[in-house]
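Here the sequence shown is numbered in the UniProt record's numbering, starting from 1 and rising by one per residue.
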Amino acid sequence: MRQKVAQEDSMTGIDDKTVRKILKKSGYVHSSWYRQRYPDVAKTGLSPVEHFVRYGAALGRNPGKNFSTKCYLEAYPEVAERGMNPLLHFVLEGQEKGYSPLPGCSDPVRQANREVAALRTHLLTLGFTEPPLAALETMVADSAEPAACAAAARELALWHMRQKTDDGYRAALAYIAEARPGAHDLEFRKRLTTAELLCHFALGQDSSGLACYEQGALNGEAGADAMLARGNFEITPQARCFWINQVLRRYRIPALRLLPGEDQLPYDRLATRDLPLDIDDGPRVTVLLAAYDAADVIGTALRSLQAQSWRNLEIIVIDDCSPDDGATCAKVEHVAAGDPRIRLIRMHRNGGAYVARNHGLDAATGEFVTIHDADDWSHPVKIETQVRYLQANSSVVGCTSEQARAQSDLSFRRWTGQGRLVIQNTSSFMFRRAPVRAELGYWDTVRFAADSEFIRRVTQVFGKGAVVPLPTGPLSFQRDSETSVITDDIKGMNGFYFGVRKEYFDAQMHHHASGKSLKYQNHIESRPFPVPVMMQPQKAAFGEDHHRFDTIFVGDFRVMTEEVAALVEQISRMKDEGRRIGLVEQHSFDVNLKEKRMVHAVRDLIDGENVVAIVYGDCASAKEVLHISDKSINFQQRYMPNVNGMI
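Written out as structure tokens, the structure is:
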């Protein structure tokens with residue numbers, strides 16, 4: 001069942017037909033110009049004024065030569081806040097107030113970056129495909145501002161790189177070439193060079209890749225990311241190690257070498273050429289290492305911790321009920337037999353890495369605490385670097401170092417965000433144990449993504465500046481594996497949140513701002529705020545009934561429109577009647593709407609039991625499925641759950 005709602009401007013209550021008449025009569029919609037400027041309009045079968053009302057304004061398009069949608073919204077931000085069609089606002093209110101239809105836009109580079117950022121959000125986080133890609137294509141083809149063309153072309157290049165196909169990489173190279181003429185910022189050009197190197201490597205174009213690096217080096221564009229990408233073209237792990245060391249030298253990090261053992265993966269042979277001086281007299285640091293079915297890889301992680309220059313370590317390994325007949329525990333016990341700093345805790349049931357770390361935290365005695373993944377390698381000076389910083393900065397509660405994700409052959413292919421290889425390592429977070437335990441308690445007991453939530457809570461409680469991301473260079477090489485949760489199509493991320501991670505981020509931000517306690521317990525039975533079932537430590541215990549609902553509402557809940565206000569009242573009544581409600585976010589496409597999260601009144605209704613947020617990857621069923629507005633289905637979106645067998 002689908003609820004029918006008349007299309008109208010949500011802030012004025014005027015139906016679309018009347019809006020079209022008003023705009024057409026205004027003289028600001030130039031039909032022939034609009035068709036020529038935006039050729040995709042012809043494919044829709046809509047008239048220019050109808051297209052502008054339904055889609056064009058939301059895409060940031062101009063109705064004609066004498067009205068600038070984007071500049072009008074920038075000059076008069078209250079229009080965007082109201083969610084009103086900008087030209088309709090100008091005709092009904094703006095002219096009378098003396099507003100200009102062509103107000104001067106700010107710095108063109110900043111303006112271009114804002115436009116591309118809004119389209120990026122719709123493309124990556126909200127899951128639209130055709131509209132933002134079409135808008136970016138238009139910017140590349142038609143923009144008179146080189147910076148706008150460059151920003152849009154780079155975004156298109158990164159999109160095609162994410163497809164991981166030969167055609168995608170070839171398309172990305174073409175867009176990188178389009179971006180270069182308008183790329184005046186050195187950092188921007190460095191990222192283009194890194195992206196181009198990754199494309200050539202993926203396509204097996206070694207000579208083109210080497211030429212790209214040589215030209216980039218001559219132009220001063222060969223930064224740390226480009227050097228790691230350059231190393232990919234080497235044949236042997238020793239030669240790739242050379243390029244890793246070129247990066248480490250930039251950060252004054254001791255160089256690496258490979259241990260003997262051709263039968264082992266190059267990653268598992270990482271070591272330093274010269275051992276740094278041992279530090280024996282500093283405060284104790286507890287390292288929590290949660291392990292699950294890690295017998296094949298945990299030896300490398302423990303070896304890298306044993307080699308740390310900061311010697312006063314307490315290494316607590318928590319086996320999360322590994323299903324490997326004791327192989328992981330046996331490996332840990334074998335290493336621990338020769339190093340009293342290592343001890344093993346066995347969990348009685350599997351609850352995920354953060355539940356395990358919380359148990360380790362109860363046993364910790366160190367002044368500082370950090371975590372370490374069971375399959376990663378860290379440089380011997382990593383812990384010392386972070387401890388030294390915290391010792392020298394008593395007002396800082398915690399800090400992170402940087403990392404790069406390495407394949408087993410020491411190639412670097414996993415980029416994130418805007419094309420970075422060297423990034424902040426949230427798993428390296430080191431904090432002062434006593435104040436953090438007193439104020440915050442434990443990590444959130446979810447299956448994944450709690451590192452960032454924990455850091456945000458520290459910042460929320462102790463203030464801005466309490467957590468410092470140190471620009472250390474890569475002090476960790478996380479093992480890049482296709483089985484890692486960050487690569488998962490549903491639970492993963494690549495520099496942006498979507499689906500379940502976006503829902504978790506939105507829910508935690510709402511909770512953090514609510515004034516409720518941010519001191520969490522290690523109780524999996526009770527949560528500080530609701531999260532999707534797939535994040536729960538005992539997700540199997542929920543059963544199929546948890547995804548059966550009386551009613552599922554689908555729509556865009558980011559603006560308190562009349563429909564959303566009515567929905568809040570309706571759900572409140574239904575809760576009182578004992579009915580189970582599901583909510584599916586299906587966003588409307590509107591680049592002028594900056595808000596990414598649902599309004600507080602809707603978020604407050606979600607309790608995880610009677611009212612549940614249904615996310616991408618969930619399969620749910622309901623007696624009725626109601627769309628609160630037709631405007632939320634104007635374009636197809638990728639991150640939609642399966643509801644009643646339909647995605």
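We put the beta carbon where it would ideally sit given N, CA and C, even for glycine. If you're wondering where the values come from, they're calculated on a predicted model, not measured in any experiment.
Distance between beta carbons of residue j and residue i, contact taken as under 8 Å
i: Val-467; j: Cys-399; result: 7 Å
i: Pro-260; j: Arg-273; result: Their Cβ separation, rounded to whole angstroms, is 14 Å, which puts Pro-260 and Arg-273 out of contact at 8 Å.
i: Leu-87; j: Phe-67; result: 6 Å
i: residue 650; j: Arg-579; result: The question about residue 650 has no answer here: the residues shown for the chain are numbered 1 through 647.
i: Trp-443; j: Asn-358; result: 6 Å
i: Arg-162; j: Asn-494; result: 7 Å
i: Val-625; j: Val-554; result: 6 Å
i: Ile-342; j: Leu-302; result: 7 Å
Residue i versus the options, residue with shortest Cα-Cα distance
i: Leu-410; options: Asn-245, Cys-212, Ala-222 and Val-584; result: Asn-245
i: residue 663; options: Asp-278, Ile-342 and His-348; result: Look at the range of the chain in this structure, 1 to 647, and you will see that residue 663 is not part of it.
i: Glu-585; options: Ile-14, Asp-576, Val-599 and Glu-562; result: Val-599
i: Thr-286; options: Glu-384, His-200 and Arg-573; result: Glu-384
i: Tyr-213; options: Gln-205, Arg-230, Ala-224 and Phe-462; result: Arg-230
i: Ser-517; options: Tyr-99, Ala-438, Ala-147 and Ala-144; result: Ala-438
i: Trp-159; options: Arg-357, Glu-187, Ile-318 and Thr-125; result: Thr-125
i: Asp-293; options: Tyr-175, Met-574, Ala-374 and Glu-453; result: Ala-374
i: Asp-16; options: Gln-36, Tyr-55 and Lys-43; result: Tyr-55
i: Gly-582; options: Leu-593, Pro-641 and Leu-265; result: Pro-641
i: Val-29; options: Val-19, Gly-64, Ala-57 and Pro-39; result: Gly-64
i: Ser-143; options: Leu-123, Ala-118, Glu-178 and Gly-127; result: Glu-178
i: Asp-185; options: Pro-146, Ala-157, Asp-225 and Gln-460; result: Pro-146
i: Tyr-76; options: Gly-220, Glu-115, Ala-356 and Tyr-99; result: Tyr-99
i: Ser-395; options: Lys-164, Pro-435 and Asp-376; result: Pro-435
i: Arg-573; options: Val-485, Tyr-175, Asn-610 and Val-458; result: Asn-610
i: Gln-424; options: Phe-496, Gln-403 and Arg-311; result: Gln-403
i: Phe-462; options: Gln-418, Ile-486 and Lys-519; result: Lys-519
i: His-200; options: Lys-164, Leu-440, Arg-405 and Phe-529; result: Lys-164
i: Leu-265; options: Arg-284, Asp-296 and Arg-250; result: Asp-296
Helix, strand or coil at residue i [DSSP, three-state]
i: Pro-532; result: coil
i: Met-430; result: strand
i: Ile-14; result: coil
i: Gly-299; result: helix
i: Asn-245; result: helix
i: Asn-177; result: Checking the sequence, you will find Ala at residue 177 rather than Asn. Residue state, collapsed to three classes: helix.
i: Phe-589; result: coil
i: Val-5; result: Low confidence applies here, because Val-5 scores a pLDDT of 30, under 50, leaving its location unreliable; read the following figure in that light. Three-state DSSP puts Val-5 in coil, outside helix and strand.
i: Cys-619; result: strand
i: Glu-145; result: coil
i: Asp-550; result: strand
i: Ala-290; result: strand
i: Val-643; result: strand
i: Arg-343; result: strand
i: Phe-128; result: strand
i: Glu-577; result: coil
i: Arg-257; result: strand
i: Ala-613; result: strand
i: Glu-50; result: helix
i: Gln-424; result: strand
i: Gln-627; result: A small fix is needed here, since residue 627 is His in this sequence, not Gln. In this structure, His-627 counts as strand in the three-state DSSP scheme.
i: Gly-582; result: strand
i: Phe-635; result: coil
i: Ile-606; result: coil
i: Val-41; result: helix
Heavy atom of the ligand GDP within 8 Å of residue i beta-carbon
i: Phe-67; result: The ligand content of the structure shown is nil, which means the ligand GDP is not present either.
> When the Cβ atoms of the region 353-369 are set against those of the region 422-440, are three or more pairs found closer than 8 Å?
Replying inline: yes
> Are the region 46-54 and the region 104-120 touching, with three or more C-beta to C-beta distances below 8 Å?
Replying inline: no
> Along the chain, which unbroken stretches of the beta strand (DSSP E) at least 3 residues long are found entirely within the region 363-419?
Replying inline: 368-371 and 398-406
> Residue ranges of each alpha helix (DSSP H) run of no fewer than 4 residues wholly in the region 52-89, ordered along the chain?
Replying inline: 69-75, 77-82 and 86-89
>> Going residue by residue through the region 465-546, where are the continuous alpha helix (DSSP H) segments of at least 4 residues, counting only ones entirely within it?
In response: 499-512
> Counting pairs of Cβ atoms below 8 Å between the region 130-139 and the region 149-164, do you hit three or more?
Replying inline: yes
> Hey, is the region 490-497 in contact with the region 464-482, meaning 3+ C-beta pairs nearer than 8 Å?
Replying inline: no
> Is there contact here, the region 599-617 with the region 83-102, by at least three beta-carbon pairs under 8 Å?
Replying inline: no
>> So, does the region 216-228 touch the region 185-197, judging by three or more C-beta pairs under 8 Å?
In response: yes
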